[in-house]
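First residue of the sequence shown? That's 15 in this note's numbering, and the numbers climb one at a time after it.
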Amino acid sequence: MTTPESDAAPDGAAEDGPGEGERLRQGRWIDLAAVLSFVLLAFWVTARLWLDPAAEVRDNRTDQAQFEWMMAHGARVLTDFAYPFTSDRMNVPDGVNLMANTSVLSVSLPMTPITLLFGPRTAFLLFLTLGMAATGVAWYFVLSRVLIGSRGPAWLGAGFCAFAPAMISHANAHPNIVSQFVVPLIIWRTLRLTEPGRWARNGVLLGLVVVWQSFLNLEILLMTAIGLGVVVLALALGRPETRRSARTFFAGLAVAALVALVLLAYPLHVQFFGPGAYQGLSELIRGYRTDLASYVAWSRESLAGDARGSVWLVKNATEENAFFGWPLAVLAVALLWWLRRNVVVLGLAAVGAVFVLFSLGREIRFDGRDTGVPGPWAALEDLPILHSVVPTRWSLALTPIVGILLALGAEHARRLARRHPAARGQIRFATTTVLTMALLPLLPTPLPAVRREPTPTFITSRAWRPYLAGGHSLVTLPLPDTTYAVPLRWSAETRLEMPLARGYFLYPDTRPGAGRQALFTAPPRPTSSFFTQIRKTDAVPPITPQDRVAAVDDLRYWRAGVVLLDPRLHQAGALHRGMTELTGITPTFTGGVWLWDVRPLVD
Numbered sequence: 015m016t017t018p019e020s021d022a023a024p025d026g027a028a029e030d031g032p033g034e035g036e037r038l039r040q041g042r043w044i045d046l047a048a049v050l051s052f053v054l055l056a057f058w059v060t061a062r063l064w065l066d067p068a069a070e071v072r073d074n075r076t077d078q079a080q081f082e083w084m085m086a087h088g089a090r091v092l093t094d095f096a097y098p099f100t101s102d103r104m105n106v107p108d109g110v111n112l113m114a115n116t117s118v119l120s121v122s123l124p125m126t127p128i129t130l131l132f133g134p135r136t137a138f139l140l141f142l143t144l145g146m147a148a149t150g151v152a153w154y155f156v157l158s159r160v161l162i163g164s165r166g167p168a169w170l171g172a173g174f175c176a177f178a179p180a181m182i183s184h185a186n187a188h189p190n191i192v193s194q195f196v197v198p199l200i201i202w203r204t205l206r207l208t209e210p211g212r213w214a215r216n217g218v219l220l221g222l223v224v225v226w227q228s229f230l231n232l233e234i235l236l237m238t239a240i241g242l243g244v245v246v247l248a249l250a251l252g253r254p255e256t257r258r259s260a261r262t263f264f265a266g267l268a269v270a271a272l273v274a275l276v277l278l279a280y281p282l283h284v285q286f287f288g289p290g291a292y293q294g295l296s297e298l299i300r301g302y303r304t305d306l307a308s309y310v311a312w313s314r315e316s317l318a319g320d321a322r323g324s325v326w327l328v329k330n331a332t333e334e335n336a337f338f339g340w341p342l343a344v345l346a347v348a349l350l351w352w353l354r355r356n357v358v359v360l361g362l363a364a365v366g367a368v369f370v371l372f373s374l375g376r377e378i379r380f381d382g383r384d385t386g387v388p389g390p391w392a393a394l395e396d397l398p399i400l401h402s403v404v405p406t407r408w409s410l411a412l413t414p415i416v417g418i419l420l421a422l423g424a425e426h427a428r429r430l431a432r433r434h435p436a437a438r439g440q441i442r443f444a445t446t447t448v449l450t451m452a453l454l455p456l457l458p459t460p461l462p463a464v465r466r467e468p469t470p471t472f473i474t475s476r477a478w479r480p481y482l483a484g485g486h487s488l489v490t491l492p493l494p495d496t497t498y499a500v501p502l503r504w505s506a507e508t509r510l511e512m513p514l515a516r517g518y519f520l521y522p523d524t525r526p527g528a529g530r531q532a533l534f535t536a537p538p539r540p541t542s543s544f545f546t547q548i549r550k551t552d553a554v555p556p557i558t559p560q561d562r563v564a565a566v567d568d569l570r571y572w573r574a575g576v577v578l579l580d581p582r583l584h585q586a587g588a589l590h591r592g593m594t595e596l597t598g599i600t601p602t603f604t605g606g607v608w609l610w611d612v613r614p615l616v617d
């Protein structure tokens, strides 16, 4: 790998070009332009959400509501000194293990002023937008200063790392996944571990950025660690000078591990052994895998793609983790062959091959059809830690690999042009043509957005407060889960002063024989199942005396003070009849909602 010192001149600068001062000024302007380009592109992707204050992402509204709730939790930690790792503001009375969920404390805590001043929706949107931009900026500076040494190729690679099709897919309300700005910092600090005489300092800094990423997304951290391990091994095998610094490297690595262990020991204990800890994802979610055909397909949010061309290749719009398009797939293979003498490229190829194989899941799928061929993941998916990884996301980890490969290829072409002045024009034309053919179809389009229903006046006016006094909770119809998370948004808008029964979160299935695998809400209770059936069928099932007794028991378990129904729901009529017949309470319509005061039943 080159270093900035060995290649600090801007692209195209001749040996007898501008002086050092002029080159530095030019370099700063190039850096500024690169940063600005990433910011503008991030705002382009989220433009529809910024232009309409009432808009939300169309393809993943439930996760947006959940992350707005998480932003409100981060603010509550600082304003009310709430315990950060669990919360009693959802899933009353059991609470939620936030370390086992996407709590994003490393972002929600510093963004508390935004959440308090402008609300959780703005905080979420700023997190999403600046997360993408910061990812591009971080990759640009690490590539240009550490890995590549020139700005043009670094800009190209960083742009792909931040705005590749997989990243735009996860921009549908997965800000914790598109915010990968810590990943290049981890790579940078890992490479610095070989620096003589500074193993302790470098180890501490690496440990701190690992902790930072841990409170952003542990899944990305795991993939980064595996990828770095393979590349470092390739460097050790291919470069004698790397082996000579092994003692310094491992000393720094030990310090980093110690720092991370000390700072993360308690939070990880809560995550894996605390209340609400689960034992791996469900079989259904672990069945999410990357269709082999999707590696050459077009993403729906790219210039060349649409939903009709990919709908059978993925489970939903947020998991298009490959979708490189066939031109870039061909180019990536060609670059691997062209740069095969570079030990870093060989390491990247090895990591990429491992991630591709893992992403295929327990059974290989091609063009929407199961092949019957088992994938290597089948032997690994039940192992601790790995049983909490969604297999298809291993293909997401290919994005930075391809980005680095593009930067290395562009830099190699640039050097080739400088060594052969007579062919410089042809080399540049060929490079530009090939990159345009591969990347132009992948340019992102703005995320689809829809207008969300305004929050009922009953919530915004805080008319719910008397009903929830004395430790009561709010019960909504239907009860919130992975398909209906609007109540989380309502709670977030009250700064979590309004506690909810049940919710949308990962929680262990405590039913006999379930093995504490994760559900996307609390285990079902008779009354929650009753209303789930109504929502699915839009009809009220026969109600028995046992159903009425179970309903009272469940309302008491949830410490319910009031039950609300949003009349704008499609199944509102059936839910209204079901609740009234189940409890015998006549509801009132106030503040834009139907309201059942259940305190007499509960108390």
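Note that the Cβ used here is the ideal one computed from N, Cα and C, for glycine as well.
> Counting only runs that start and end within the segment 174 to 216, where is the alpha helix (DSSP H) found for 4 or more residues in a row?
Replying inline: Within the segment 174 to 216, the complete alpha helix (DSSP H) segments at least 4 residues long are 179 to 184, 189 to 192, 196 to 205, listed from N- to C-terminus.
> If V365 sits next to G241, beta carbons under 8 Å apart, how far is it from one beta carbon to the other, in whole angstroms?
Replying inline: 5 Å
>> Quick check on H283: buried or exposed, where buried means 16 or more other Cβ atoms within 10 Å of its Cβ?
In response: exposed
>> With three or more C-beta pairs closer than 8 Å as the rule, is the segment 81 to 94 touching the segment 104 to 124?
In response: Taking 8 Å as the limit for Cβ pairs, the verdict is that the segment 81 to 94 does touch the segment 104 to 124.
>> Within 8 Å, do at least three Cβ pairs link the segment 172 to 189 to the segment 147 to 154?
In response: yes
> Using CA coordinates, which residue listed in G529, T474, A68, M181 is at the minimum distance from P458?
Replying inline: M181
> How would you label G26, buried or exposed, when you count the other beta carbons within 10 angstroms and need 16 or more for buried?
Replying inline: Any reading at G26 needs caution, since the residue's pLDDT is 38, under 50, leaving its predicted position unreliable; the model's value is listed next. Exposed: under 16 other Cβ atoms inside 10 Å.
> For L275, which of helix, strand or coil comes out of DSSP?
Replying inline: helix
> Would you call the CB atoms of D108 and A499 closer than 9 Å?
Replying inline: Not closer than 9 Å, so no.
> Is W326 helix, strand or coil by DSSP?
Replying inline: coil
> Around the Cβ of T524, are there at least 16 other Cβ atoms within 10 angstroms (buried) or fewer (exposed)?
Replying inline: Per the 10 Å Cβ criterion, exposed.
>> Which residue marks the beginning of the alpha helix (DSSP H) containing P11, and which one marks its end?
In response: Here the chain covers residues 15 to 617 and nothing more, so residue 11 does not appear.
> From the DSSP output, which residues share a beta bridge with P458?
Replying inline: S316
> Which value, in whole angstroms, describes the spacing of the CA atoms of F603 and P480?
Replying inline: About 16 Å.
>> Using 9 Å as the threshold, is the C-beta distance between T490 and D381 below it?
In response: no
>> I need the straight-line Cα distance from E70 to L63, nearest angstrom please.
In response: So the two alpha carbons sit approximately 6 Å from each other.
> Apart from the five residues just before and just after T16, which ones in its own chain have a Cβ nearer than 7 Å to its Cβ?
Replying inline: At T16, the pLDDT of 40 sits below 50, so the modelled position is not reliable and the matter cannot be decided from this model.
>> Here's the rule I'm using: 16 or more other beta-carbon atoms within 10 Å means buried, otherwise exposed. How should Q560 be labelled?
In response: exposed
>> Could you tell me the alpha carbon to alpha carbon distance between G33 and T447, rounded to whole angstroms?
In response: 32 Å
>> I need the boundaries of the alpha helix (DSSP H) containing S543, first residue and last residue.
In response: 540 to 551
> Which partner residues of Y498 appear in the DSSP bridge assignment?
Replying inline: D495
> Counting only runs that start and end within the segment 102 to 175, where is the beta strand (DSSP E) found for 3 or more residues in a row?
Replying inline: none
> Can you list, in chain order, the residues of its chain whose CB lies under 6 Å from that of G575, leaving out five sequence neighbours each side?
Replying inline: Y481, L482, H486, R613
>> Relative to the C-alpha of L454, which candidate in S316, S543, L65, A56 has its C-alpha closest?
In response: S316
>> Checking 9 Å against the spacing of the C-beta atoms, do F369 and M237 come in under that value?
In response: In terms of Cβ geometry, F369 and M237 form a close pair [threshold 9 Å].
> Excluding sequence positions up to five away, which residues of its chain have a Cβ less than 6 Å from the Cβ of A452?
Replying inline: P341, L342, L345
> What are the start and end residues of each continuous alpha helix (DSSP H) run of 4 or more residues lying completely inside the segment 29 to 64, in chain order?
Replying inline: 34 to 59
> Between the Cα of L134 and the Cα atoms of E82, F155, F141, T93, which residue gives the shortest distance?
Replying inline: Going by the sequence as given, residue 134 is Pro instead of Leu. Closest option to P134, Cα to Cα, is E82.
> Is there contact here, the segment 254 to 273 with the segment 213 to 222, by at least three beta-carbon pairs under 8 Å?
Replying inline: yes
> Can you tell me whether E29 is buried or exposed, with buried defined as 16 or more other CB within 10 angstroms of its CB?
Replying inline: Confidence at E29 is low in this model, with a pLDDT of 42, below 50, so the placement of that residue is unreliable and no value is reported for it.
> Taking Cβ positions, are L449 and A421 nearer each other than 9 Å?
Replying inline: no
> If you compare alpha carbons, which of E333, E334, L295, V387 is closest to I399?
Replying inline: L295
> In terms of residue numbering, what span does the alpha helix (DSSP H) encompassing R383 cover?
Replying inline: It is not in any alpha helix (DSSP H) - R383 instead sits in the beta strand (DSSP E) that spans 383 to 388.
> When DSSP labels each residue in this structure, what does P480 get in the three-state scheme?
Replying inline: helix
>> Quick check on this structure: which residue in V607, A187, G301, L350 has the alpha carbon closest to the alpha carbon of L488?
In response: V607
> What's the C-alpha gap between E507 and T126?
Replying inline: 13 Å
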